[in-house]
Amino acid sequence: MKLGCPKEIKPQEFRVGITPNAAQEAISHGHEVLIETQAGIGAGFEDAAYAAVGATIVGTAAEVFEQAEMIVKVKEPQAVERKMLREGQVLFTYLHLAPDPEQTRDLLDSGCTAIAYETVTDRQGGLPLLAPMSEVAGRLAPQVGAWTLQKANGGRGVLMGGVPGVGPARIIVIGGGVVGTHAARVAAGMGADVTVLDRSLPRLRYLDDVFGDVFKTGYSTAGLMDELLPQADMVIGAVLIPGAAAPKLVTRAQLGGMKPGAVLVDVAIDQGGCFETSRATTHSDPIYEVDGVMHYCVANMPGAVARTSTIALGNATLPFMLALADKGWKQACTDDPHLLAGLNVHAGQLTYAAVGEALGIPVCPPEQAIA
Ligand SMILES: NC(=O)c1ccc[n+]([C@@H]2O[C@H](COP(=O)([O-])OP(=O)(O)OC[C@H]3O[C@@H](n4cnc5c(N)ncnc54)[C@H](O)[C@@H]3O)[C@@H](O)[C@H]2O)c1
1178 MKLGCPKEIK PQEFRVGITP NAAQEAISHG HEVLIETQAG IGAGFEDAAY AAVGATIVGT
1238 AAEVFEQAEM IVKVKEPQAV ERKMLREGQV LFTYLHLAPD PEQTRDLLDS GCTAIAYETV
1298 TDRQGGLPLL APMSEVAGRL APQVGAWTLQ KANGGRGVLM GGVPGVGPAR IIVIGGGVVG
1358 THAARVAAGM GADVTVLDRS LPRLRYLDDV FGDVFKTGYS TAGLMDELLP QADMVIGAVL
1418 IPGAAAPKLV TRAQLGGMKP GAVLVDVAID QGGCFETSRA TTHSDPIYEV DGVMHYCVAN
1478 MPGAVARTST IALGNATLPF MLALADKGWK QACTDDPHLL AGLNVHAGQL TYAAVGEALG
1538 IPVCPPEQAI A
């Protein structure tokens, strides 16, 4: 199969859909890989690295879309890219169609077959192509929070690990899922005093079993939040209620009881945020202050570490990309119900129930679409 990878054009997106290592694997399976020139440069992969493994470098995105049978990307296709998609072509990337009627309409009109990273599932009921980005955002959260805690950045001037004779920063992590667990590990590794709150007792048990004394756990209630917030130097918001907006777990009124210069890092901002005072920010202007409390609310945190994120995403997408290329999308989706769960659009039909529900568009069950 001819696989194509255009350069990402969404603002502030530096990741790339196919790494040189992934290109090499596909080529060793007998496929051809077309890479738009400079596609990998934001993640530190030069054209030469792709050429060295046998990929073909082409000058424009138009050539990639024209020649490739399957397009592998990171972000949802932008309007100009959607115009280049065609019937029978496979698109494998993040789509997030539910809040995006325009993109959905264009994908349906194009006749392409679109498989969304974010809805591919695994045997444990997880989302294997979202998890790597949660891991990145989770590990990044204490790092950006520690920077924000510095005096010059508006923070309280507290060092995460303290020093001998001076206590460490106190960190609350709300939500002990993928983001929260990785955030807690890194914060604890920096020497901070960390408490993870969750509403799932099985999850709290798991964290306690696996991490022991590395951090404390608590059952997330409004009462416990009232108790812990005034002592906190940093609160990391990492909750998720699948399919719903994030619940507001810290109110504006509660900020008044917090230490001046304390820091809120709202990783859940991509689901609306879990602090009442959160609003999405960007890497170029990431922090702001409300009532003396600093907020960091970047909606695409993994973009800050594009190289790590690209490789992490590539590791997760590779087996699926190879299956799609080796077998063709229909056979690959027939053989693997978890990949079939990623099918969102095929030949002018919407095949993902939740998107249909959100946008009021009739849905053809994916099993029927591949039959
Ligand atoms: N900003 C970014 O760049 C970025 C990147 C990756 C993920 N995210 C977001 O981070 C959030 C967390 O993602 P995840 O992969 O860790 O999800 P996850 O499902 O693995 O974990 C969410 C956890 O929140 C817990 N939870 C639900 N309600 C709660 C409550 N009231 N109090 C405490 N805990 C509660 C759940 O029990 C679960 O353990 C999501 O909104 C995700 O979209 C953001």
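Offset between the sequence shown (1-based) and my numbering: plus 1177.
No residue lacks a Cβ here, since even glycine has one placed at the ideal position from N, Cα and C.
- The segment 1456–1470 makes contact with the segment 1430–1444: 3 or more CB pairs, one atom from each, lie closer than 8 Å.
- In this structure, the beta-carbon distance from V1391 to A1365 falls below 8 Å.
- Look at R1456 here: in three-state DSSP terms it is coil, with no helix or strand label.
- Proximity to Q1255 across I1292, K1184, V1321, G1315 peaks at K1184, based on C-alpha coordinates.
- In this structure, the alpha-carbon of G1334 lies about 4 Å from that of K1328.
- In its chain, beyond the 5 residues on either side, L1268, L1272, L1284, N1521, V1522 have a beta carbon closer than 7 Å to the beta carbon of A1291.
- With respect to the C-alpha of V1257, the residue from A1245, S1287, P1341 having the closest C-alpha is S1287.
- Looking at the DSSP output, A1360 sits in no beta bridge, so it has no partner there.
- Burial is judged here by how many other beta carbons sit within 10 angstroms of a residue's own beta carbon; I1413 has at least 16 and is buried.
- Within the same chain, and ignoring the five residues on either side of L1495 in sequence, the residues whose Cβ sits closer than 7 Å to its Cβ are A1199, E1202.
- With respect to the 8 Å criterion, T1196 and G1491 are classified as neighbours on the basis of their beta carbons.
- Residue A1314 holds the alpha-carbon nearest to the alpha-carbon of R1362 among L1406, P1407, G1339, A1314.
- Annotated as proximal: T1458 and C1474, with beta-carbon spacing under 8 Å.
- Shown here, F1269 sits in a strand according to DSSP, grouped into three states.
- H1206 counts as exposed, since fewer than 16 other beta carbons sit within 10 angstroms of its beta carbon.
- According to the DSSP assignment, K1504 belongs to no beta strand (DSSP E) but to the alpha helix (DSSP H) extending over 1483–1504.
- Its chain contains Q1189, E1190, F1191, R1192, H1460, S1486 as the residues whose beta carbon lies nearer than 8 Å to that of G1480, once the 5 sequence neighbours on both sides are disregarded; these appear in chain order.
- Remark: C-beta atoms of I1349 and L1307 do not approach each other more closely than 8 Å.
- Where L1211 is concerned, the enclosing beta strand (DSSP E) starts and stops at 1209–1213.
- When the beta-carbon positions are compared, G1353 and V1371 stay at least 8 Å from each other.
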